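J.: Please find one structure pasted underneath; my questions will follow.
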Amino acid sequence: MVVRLFVLERGGLTLDVEPIDIRTRQNRRAAYREINPVPALQLDDDNRTIITEVPAICEYLDEVAVGGTSPFGSTPEQRAETCIRLRRMDLEICLPVIAWFKNDPDLVNFLKGDRIPTPEAGLNQMVMVNQPLDLLDDQLEGKTWLCGERFSAADVHFYGLLKMVTMQFAEWVLAPGRENFLAYWTRLEGREASKKALKPFPSKVVAGS
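Have a look at this one:
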């Protein structure tokens, strides 16, 4: 969802899209891994360069976009601030939540041996997430977005990674009590691009300026 949301927020992009169904493990089949040995989201540019990892894909799209507004910022200082916030949200909150999710024993059939769930790690992982969430709640005091009044790629990354998992599994991330954080999440939910990004892209995407 992160890349869809980034494209919609960024604008200035025209893409051909080929869906890959991870539920049927298309990303782990030979045809896919001949192109990309890592079973992850990929972008194939006009020069047949394979780009993987969500942040790298978003940065690439930001560079090749024509028009639109860069969610990374328009100055070196803004871009640095965005990267700092994105990195911290990714390491301190997003990745631990995803690790917690993957340790659910009910996912054994879905993972099919790609990962061995460790349910007993779940409690520690929840603590690891709740601590930076408490800090984030404090840091959002008086702010609209992660970078103050400037909506950025850090907000895109944070919401895009957590939206689906909080909808179905990690509702505890949105537990009552963190008023600043919950107000921030409500603002993210209310963005038009956030609503559109919940649906898969068609085979051709034209994101306007």
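End of the sequence shown = 1517 in our numbering, gap-free, step of one.
Heads up, the beta-carbon is just placed ideally off N, CA and C, and yes, glycines get one too.
Just so we're clear, the structure is a prediction, and the values are computed from it rather than from any experiment.
#1: Which one or two residues does DSSP pair with Arg1458 in a beta bridge?
#2: What does the alpha-carbon distance come out to for the pair Ala1483 and Glu1342?
#3: Does the contact criterion of 3 or more C-beta pairs under 8 Å hold for the stretch 1444-1462 versus the stretch 1392-1407?
#4: Rounded to a whole number of angstroms, what is the C-alpha to C-alpha distance between Leu1454 and Leu1448?
#5: Can you name the residues that DSSP bridges to Thr1322?
#6: Would you mind sorting Ala1515 into buried or exposed? The rule is 16 or more other CB atoms within 10 Å of its CB.
#7: Using the rule of at least 16 other Cβ atoms within 10 Å of the residue's Cβ for burial, across every protein chain shown, is Asp1324 buried or exposed?
#8: Just to confirm the assignment, what range does the beta strand (DSSP E) spanning Thr1360 have?
#9: Could you tell me how far apart the beta carbons of Leu1496 and Tyr1467 are, in whole angstroms, since I believe they sit closer than 8 Å?
#10: Determine the contact status of Val1435 and Val1405, defining contact as a CB-CB distance below 7 Å.
#11: Residue range of the alpha helix (DSSP H) that Trp1408 falls in?
#12: Rounding to the nearest angstrom, what Cα-Cα distance links Met1472 and Glu1317 in this structure?
#13: Is the distance from the Cβ of Phe1509 to the Cβ of Arg1312 below 7 Å?
T.: On the basis of the data shown:
#1: Position 150 of the sequence shown, counted from the start, is the residue given in the question as residue 1458. Beta-bridge pairing links Arg1458 to Cys1455.
#2: Here residue 1483 is taken as the residue at index 175 of the sequence shown, counted from 1. Here residue 1342 is taken as the residue at index 34 of the sequence shown, counted from 1. For Ala1483 and Glu1342, the distance between alpha carbons rounds to 43 Å.
#3: yes
#4: Residue mapping note: residue 1454 aligns to position 146 of the sequence shown, counting from 1. Residue mapping note: residue 1448 aligns to position 140 of the sequence shown, counting from 1. Their Cα atoms are separated by approximately 7 Å.
#5: Working through the sequence shown from its first residue, we reach residue 1322 at position 14. DSSP, once it has assigned bridges, lists Val1514 as partnering Thr1322.
#6: Taking the sequence shown and counting its residues from 1, the one referred to as residue 1515 is at position 207. Result: buried.
#7: Taking the first residue of the sequence shown as position 1, residue 1324 is located at position 16. It counts as exposed.
#8: Position 52 of the sequence shown, counted from the first residue, corresponds to residue 1360. Note, Thr1360: beta strand (DSSP E), 1358-1360.
#9: Against the sequence shown, residue 1496 aligns to sequence position 188. Against the sequence shown, residue 1467 aligns to sequence position 159. The pair is a contact, with the Cβ atoms about 4 Å apart (cut-off 8 Å).
#10: In the sequence shown, counting from the first residue as 1, residue 1435 sits at position 127. In the sequence shown, counting from the first residue as 1, residue 1405 sits at position 97. Contact: no.
#11: Here the question's residue 1408 lines up with position 100 in the sequence shown. Segment 1403-1410, the alpha helix (DSSP H) holding Trp1408.
#12: Position 164 of the sequence shown, counted from the first residue, corresponds to residue 1472. Position 9 of the sequence shown, counted from the first residue, corresponds to residue 1317. Cα to Cα, the separation comes out at about 18 Å.
#13: Locating residue 1509 in the sequence shown gives position 201, counting from the first residue. Locating residue 1312 in the sequence shown gives position 4, counting from the first residue. Closer than 7 Å, so yes.
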